[in-house]
Every structure is written in C-alpha cells, then in structure tokens.
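Numbering (the working numbering), first residue to last: 135 to 315. Please read the structure below before turning to the comments.
What follows is the structure, encoded as structure tokens:
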C-alpha cells in the first residue's frame, strides 16, 4: 500500500516490482498535493497530473498539477474532477512547452484513509488508459492518504491499457530534484 510521505522530499521515485514502470514526482508537485489535500479535508480533492514520459514510455515525470476546476466536487468518500477550463489549460500547456508537457494521469486525496484505489478509482483509470482519444495508455494515479493524526501517505499506481493496475513502491534515493525535466 502507501508509504509515509516525507515532506522534505526524500522519496520522489516510485517503481514497479518488475522495475519496468517508474514514476518520479517533483518536490513542488508533492507539496502542492499535500497542501490541497489538507485545505479540503475532510473532503476528497484532486486534479490532473502534468508531466512527460521517457522515450521508451515506461518512466514518467510528474512535474505539476492542473488547476482545480470550478465544477469539481468532493465529499468524504468520493471525488469528481470537473472539466471546466481543462481543454484550454492543456492546449496552452502543450503550446508553452512545445508539446513536451501534457496530461499523464490523475491524483486525489483519501482523507482519513489509506492511499489504495477504490473500485471506482480502478474503473475510471482503466477507462482513461483504454480511451485512445486521451493518448495516455499508461495512466498514473496518485493517492494521498491523510489521517486525523496528521500522517500523510502516498500511493502510486500505473494503469496500463494492456496490463491493468500496477502498484509502485517508493525508492529511496539521494537525487536532489526532478524539476528540470
């Protein structure tokens, strides 16, 4: 399941057991997720993930978050990510970064719960991965679990069009940043 998230940014890399899939998170992105989750607690909240992939497509860099859409709705046990303004945001993003940054997945919080996907999470993420229009055959899901005692945990998953849900585990490393991608 999730691992404790160290807010000093020590854990920024997650990898599948087979070592085929790797997700790297920028420190600033993790801090934004934590702040948003704490601000909206006890309700769930989330947005789309912005990033890029390695040339082989199996290493993803999550560099930023899309803004919280005004039509997003969260409750204690569910979250609907709205779509208002998202097409415009991603169009501008692709233009600004010469198509090198784009949609790579979703994140949302699980207040007072473990960061493990629900059945709804699984269905939604697999639908995104299988939708050829989204051009995201390896969709990332990041879950932030936040307990009432203040402990944050993070779960990182890849939803593959061909392989289904793949859980990743944190890899401790000494790298300073992934913000340069």
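Backbone N, C-alpha and C define an ideal beta-carbon position, used for all residues, glycine too.
Short of 8 Å in beta carbon distance, which residues of its chain neighbour residue 207, apart from the five on each side in sequence? Order them along the chain.
Translated into the one-based positions of the chain shown, residue 207 becomes position 73. Here the set comprises 213, 214, 216.
Candidates 225, 211, 232, 234, of which the one nearest residue 254 by Cα:
Here residue 254 is taken as the residue at index 120 of the chain shown, counted from 1. Comparing Cα-Cα distances from residue 254 to each of 225, 211, 232, 234, the minimum goes to 211.
Residue 256 to residue 231, Cα distance in whole Å?
Against the chain shown, residue 256 aligns to sequence position 122. Against the chain shown, residue 231 aligns to sequence position 97. One C-alpha to the other measures close to 30 Å.
So, with DSSP's three-state summary, where would you put residue 269?
In the chain shown, the residue the question calls residue 269 occupies position 135. DSSP places residue 269 in coil when its eight states are reduced to three.
Where residue 288 and residue 235 are concerned, what is the direct C-alpha to C-alpha distance, given to the nearest angstrom?
In the chain shown, the residue the question calls residue 288 occupies position 154. In the chain shown, the residue the question calls residue 235 occupies position 101. Those two C-alpha atoms are separated by around 23 Å.
Under three-state DSSP, which class holds residue 163?
Residue numbering aside, residue 163 sits at position 29 when the chain shown is read from its first letter. Of the three classes helix, strand and coil, the one that applies to residue 163 here is helix, per DSSP.
Through-space distance from residue 295 to residue 264, alpha-carbon basis
Position 130 of the chain shown, counting from 1, holds the residue named residue 264. Position 161 of the chain shown, counting from 1, holds the residue named residue 295. Distance between the alpha carbons of residue 264 and residue 295: 5 Å.
In the DSSP assignment, the beta strand (DSSP E) including residue 303 goes from what residue to what residue?
As a first step, residue 303 is located in the chain shown; it is residue number 169 there, counting from the start. Segment 298-305, the beta strand (DSSP E) holding residue 303.
Please report how far the alpha carbon of residue 191 lies from the alpha carbon of residue 149, in whole angstroms.
Looking up residue 191 in the chain shown gives position 57. Looking up residue 149 in the chain shown gives position 15. Roughly 14 Å separates the two Cα atoms.
Going by beta-carbon coordinates alone, are residue 305 and residue 157 separated by less than 8 Å?
Translated into the one-based positions of the chain shown, residue 305 becomes position 171. Translated into the one-based positions of the chain shown, residue 157 becomes position 23. No, they are not a contact pair.
Might you give, ordered along the chain, the residues of its own chain that have their beta carbon closer than 7 Å to the beta carbon of residue 173, omitting 5 neighbours on each side?
Position 39 of the chain shown, counted from the first residue, corresponds to residue 173. Correct list: empty, nothing qualifies.
Would DSSP call residue 248 helix, strand or coil?
Reading the chain shown from its first residue, position 114 is the one you call residue 248. Residue 248 falls in the coil class under three-state DSSP.
Uninterrupted beta strand (DSSP E) stretches inside the region 183-234 (no shorter than 3 residues):
193-199
Who are the Cβ neighbours of residue 297 in its own chain at under 7 Å, not counting the five residues just before and after it?
As a working note, residue 297 is residue 163 in the chain shown. Cβ neighbours of residue 297 beyond the five flanking positions: none.
Distance, residue 151 Cα to residue 227 Cα
Reading the chain shown from its first residue, position 93 is the one you call residue 227. Reading the chain shown from its first residue, position 17 is the one you call residue 151. Cα to Cα, residue 227 sits roughly 32 Å from residue 151.
One or two residues paired with residue 147 in a DSSP bridge
Numbered from 1 along the chain shown, position 13 holds the residue referred to as residue 147. Bridge partners of residue 147: 158, 305.
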